[in-house]
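J.: Residue numbers (the numbering used here), protein chains in the order written: chain B, 528 to 760; chain R, 18 to 334. Backbone N, C-alpha and C define an ideal beta-carbon position, used for all residues, glycine too. Mind looking over this structure? Questions follow.
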Amino acid sequence: MTLMQEFTKGLWKEMPPFRLVLGLCPTLAVTTSAENGIGMGVAVVFVLTLSNILVSMMRHIIPKAVRIACFIVIAASLVVSLELLMQAYVYSLYEKLGIFVPLIVVNCIILGRAEAFAAKNGVAASIADGLGIGLGFTMALTFLGSLREILGNGTWFGMNLFGDAFEPFQIMVKAPGAFICLGLILAGMNCINRWQAHRTGTEPVSIGCQACGASCKSCQLQMAMPEDAKKGV
Amino acid sequence: MKDATPTLLLSMSAPPYWHCGRTVFKRSIDQLIALLPAAAMAVVNWGLPALRVMCLAMAVCVAVEAICCWAMDRKSTIDDFTAVVAGLLYAFMLPAGAPWWIVVIGAVSAMLFGKMLFGGHGNNPLCTPLIGWAVLFISFPVHMDPNIVQTATSFIDPLARLKYFGVAEANAIPVLDLLLGHQINALGAGQVGALLLGGIYLLVRGQIRWQIVIGVLIGAGFPFAYLQMTDPAANASAVFHMCSGSILLCAFFMATEPCTAPAVSAGMLCYGLTCGLMMFVIRHFGSYSDGAPFAVLVTSLLSPYFDMIRPKPFGVK
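Below, the structure is given as structure tokens:
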């Protein structure tokens, strides 16, 4: 794949929260407004790109047996520096995101990309991958945040959209709204993919094991199972 | 040789081969008959606005179900009347003066998120009408509070009276008033006497199981009665609690919905008791004055666990 393809795959084909269904903790928790979504997304782009670079540069030095610990140390150092930067320059956003900034350390996307991509590819490709996936994450969070803010608060980036007569649909900015929105968006994306596949006459795009990259036994186990056992019959 | 084996006509089909004649449609009709007295009492007590809310809710529920069936390319299921029952039960949870758009939003959410997205009647993990109520209650607390919506009335709100004026004031309300629905409450949930009648009809017809109803009533009533026995000056009576809020509506009509309740007797009893206890806990310790609908929602999520309580199969050691 070219660098451009590595970059663009994160924007739709492997969009983290909606296609890979990774990093759901911040996706559900901080997207009460579009601004929070964009802030969280930019923070993740920063950590993800730098962690991809560092992991990719050190991929021959890190021993296979302790690689997860090493990835976590790299991500944690980056997050600490990000926290200090946010405290210095965008303190109000830091206050709003709260505990979810330090929690970027354990964000599945950071570890997932380090393990599945940066540990196997060169620095340039890793940068493209980190930027693409990070941008996809930002877009997803901003979209979800906009949806919830517009419906649940009647505003977008703080701008009043509907005037005073609008009664906000408050459940959308509360916890259940996040699950409802995410479920509907996932259904919508599956619908679009199926429609596209139907139009071009191909199989619906499934990200499957190729994008996951991890060598988990459960997947192989599932594949070895007969067809009706998979359906849970 | 060939003639020696007689030709047998064997017809093959999938079981069950025997049917008792119960259908979803008949159950729905029974439920509607049981809800009729309460609906009539609601119109008597609240006038035409109550009728407006009930009709609108039922119409929207049926329309949403029809549209969903069409969009999902399925046989329309509106002729089993479950949507009508869900709409009426949902309307019973609303104040009579609820604006039309609230009724529509709640009815659409109830049918979409409470039923059709999971695949229709029987696949819903939670009680359909309660989903619509919960969405509205969280989103529009002001429009859902009967105390704020129903200003032009001489009735009183028993739960608000208990909360803000103390036990003596609450105990002074005659029980007959509560039974006749002379209280500020959701339009159907307040018609306690009529609901009791309808519930007993359903029990007699065998459409709902006594284990769940008795479980809920004991689970909620016993703690309240115990509290009142130990300290009558600080706690209202169990009868007062049964006749206020929506405990009776939930006990007879919501908690007993077959697709969300457990399937075996012992499980049903445990389910009912848990549900009643949750009602007591939310009402006594929580910030909501009436906790019954939330209690039913939470307990429905536990019913797979209650389903694990199974009778020993016959012939197994």
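Counting only C-beta atoms, is Lys757 of chain B closer than 8 Å to chain R at any point?
T.: For the purposes of this step, residue 757 of chain B is taken as residue 230 along the first sequence, with counting starting at 1. Because the pLDDT at Lys757 of chain B is just 47, under 50, the model does not fix this residue reliably, and the value given afterwards should be weighed accordingly. No, its Cβ sits nowhere closer than 8 Å to a Cβ of chain R.
J.: Measure the CB-CB distance between Ser201 of chain R and Phe172 of chain R and report whether it falls below 8 Å.
T.: Position 184 of the second sequence, counted from the first residue, corresponds to residue 201 of chain R. Position 155 of the second sequence, counted from the first residue, corresponds to residue 172 of chain R. The sequence shown places Ile at residue 201 of chain R, rather than the Ser named in the question. For Ile201 of chain R and Phe172 of chain R, yes; Cβs fall inside 8 Å.
J.: Please identify the residue among B:Ile677, B:Ala643, B:Leu658 whose C-alpha is closest to the C-alpha of Leu538 of chain B.
T.: Counted from its first residue, the first sequence places residue 538 of chain B at position 11. Measuring from the Cα of Leu538 of chain B, the nearest candidate turns out to be B:Leu658.
J.: Straight-line CA distance for Ala570 of chain B to Phe644 of chain B?
T.: On the first sequence, residue 570 of chain B is found 43 positions in, with the first residue counted as 1. On the first sequence, residue 644 of chain B is found 117 positions in, with the first residue counted as 1. About 20 Å.
J.: So, does the segment 274-290 of chain R touch the segment 221-228 of chain R, judging by three or more C-beta pairs under 8 Å?
T.: yes
J.: State buried or exposed for Leu153 of chain R, treating a residue as buried only when at least 16 other CB atoms are found within 10 Å of its CB.
T.: As a first step, residue 153 of chain R is located in the second sequence; it is residue number 136 there, counting from the start. Burial call: buried.
J.: Buried or exposed for Trp35 of chain R, going by 16 or more other Cβ atoms inside 10 Å?
T.: Residue numbering aside, residue 35 of chain R sits at position 18 when the second sequence is read from its first letter. Trp35 of chain R should be labelled exposed.
J.: Leaving out the 5 sequence neighbours to the left and right, which residues in its chain are closer than 6 Å to Ala100 of chain R when beta-carbon positions are compared?
T.: If you number the second sequence from 1, residue 100 of chain R lands on position 83. So the qualifying residues of the chain are Cys78, Val79, Glu82.
J.: For Thr576 of chain B, which of helix, strand or coil comes out of DSSP?
T.: The sequence position of residue 576 of chain B within the first sequence is 49, counting from 1. Helix.
J.: Alpha carbons only, please: which of R:Ile148, R:Pro112, R:Leu52 is nearest the one belonging to Ile698 of chain B?
T.: Within the first sequence, residue 698 of chain B is the residue found at index 171, counting from 1. Answer by Cα proximity: R:Ile148.
J.: Alpha helix (DSSP H) containing Ile165 of chain R: first to last residue?
T.: By 1-based counting over the second sequence, the position of residue 165 of chain R is 148. From DSSP, the alpha helix (DSSP H) with Ile165 of chain R extends over 163-166.
J.: Show which residues of chain R have a CB atom less than 9 Å away from the CB atom of Phe706 of chain B.
T.: The residue labelled residue 706 of chain B in the question sits at position 179 within the first sequence. Those do not exist, as Phe706 of chain B stays about 10 Å from chain R at its closest Cβ, beyond 9 Å.
J.: Would you kindly report the start and end of the unbroken alpha helix (DSSP H) that includes Tyr218 of chain R?
T.: Here residue 218 of chain R refers to the residue found at position 201 when the second sequence is read from its first residue. Element bounds for Tyr218 of chain R: 209-222.
J.: Check the Cβ of Ile155 of chain R against every Cβ in chain B and list those closer than 8 Å, keeping chain order.
T.: The residue given as residue 155 of chain R occupies position 138 in the second sequence. Within 8 Å Cβ-Cβ: Gln697, Ile698, Lys701, Pro703.
J.: Please list, in chain order, the residues of the segment 130-141 of chain R that have any C-beta partner in chain B closer than 9 Å.
T.: Phe130, Leu134
J.: Going by C-alpha to C-alpha distance, which of R:Leu176, R:Gln167, R:Leu129 sits closest to Gly710 of chain B?
T.: Here residue 710 of chain B is taken as the residue at index 183 of the first sequence, counted from 1. Considering only alpha carbons, the answer is R:Leu129.
J.: How would you list, in chain order, the residues of chain R whose beta-carbon sits under 7 Å from the beta-carbon of Glu694 of chain B?
T.: By one-based count along the first sequence, residue 694 of chain B stands at place 167. Phe157, listed in chain order.
J.: Rounded C-beta distance between Leu309 of chain R and Cys267 of chain R? I'm assuming under 8 Å.
T.: Within the second sequence, numbered from 1, the residue matching residue 309 of chain R stands at position 292. Within the second sequence, numbered from 1, the residue matching residue 267 of chain R stands at position 250. Per the sequence shown, the amino acid found at residue 309 of chain R is Ala instead of Leu. A Cβ-Cβ distance of about 4 Å is found for the pair Ala309 of chain R and Cys267 of chain R, placing them in contact under the 8 Å criterion.
J.: Using the beta-carbon of each residue, which ones in chain B are nearer than 7 Å to Val152 of chain R?
T.: Locating residue 152 of chain R in the second sequence gives position 135, where the first residue counts as 1. Simply Ile698.
J.: Please report the distance separating the alpha-carbon of Ile190 of chain R from that of Pro175 of chain R.
T.: On the second sequence, residue 190 of chain R is found 173 positions in, with the first residue counted as 1. On the second sequence, residue 175 of chain R is found 158 positions in, with the first residue counted as 1. The straight-line gap from Cα to Cα measures roughly 8 Å.
J.: Compare the C-beta of Val760 of chain B against all C-beta atoms of chain R and say whether one is closer than 8 Å.
T.: Sequence index remark: in the first sequence, residue 760 of chain B carries index 233 (1-based). Note that Val760 of chain B scores a pLDDT of 39, beneath 50, so its modelled location is shaky; the value from the coordinates is reported in the next line. No, Val760 of chain B does not count as interfacial toward chain R.
J.: Could you say which of R:Lys180, R:Met71, R:Ala237, R:Ala56 lies nearest to Leu197 of chain R if we only look at CA atoms?
T.: Taking the second sequence and counting its residues from 1, one reaches residue 197 of chain R at position 180. Per the Cα distances, R:Ala56.
J.: Report the rounded CA-to-CA distance for Leu213 of chain R versus Leu234 of chain R, giving the unit in angstroms.
T.: For the purposes of this step, residue 213 of chain R is taken as residue 196 along the second sequence, with counting starting at 1. For the purposes of this step, residue 234 of chain R is taken as residue 217 along the second sequence, with counting starting at 1. Looking at the two C-alpha atoms, the distance is approximately 12 Å.
J.: For Asp755 of chain B, which of helix, strand or coil comes out of DSSP?
T.: As a position in the first sequence, residue 755 of chain B is number 228, starting the count at 1. Its pLDDT being 48, under 50, Asp755 of chain B is placed unreliably by the model, and nothing is read from it.
J.: Starting from the Cα of Ala561 of chain B, find the closest Cα among B:Leu612, B:Ser653, B:Gly679, B:Met613 and give me that residue.
T.: Indexing the first sequence from 1 puts residue 561 of chain B at position 34. Among B:Leu612, B:Ser653, B:Gly679, B:Met613, the Cα nearest to that of Ala561 of chain B is on B:Gly679.
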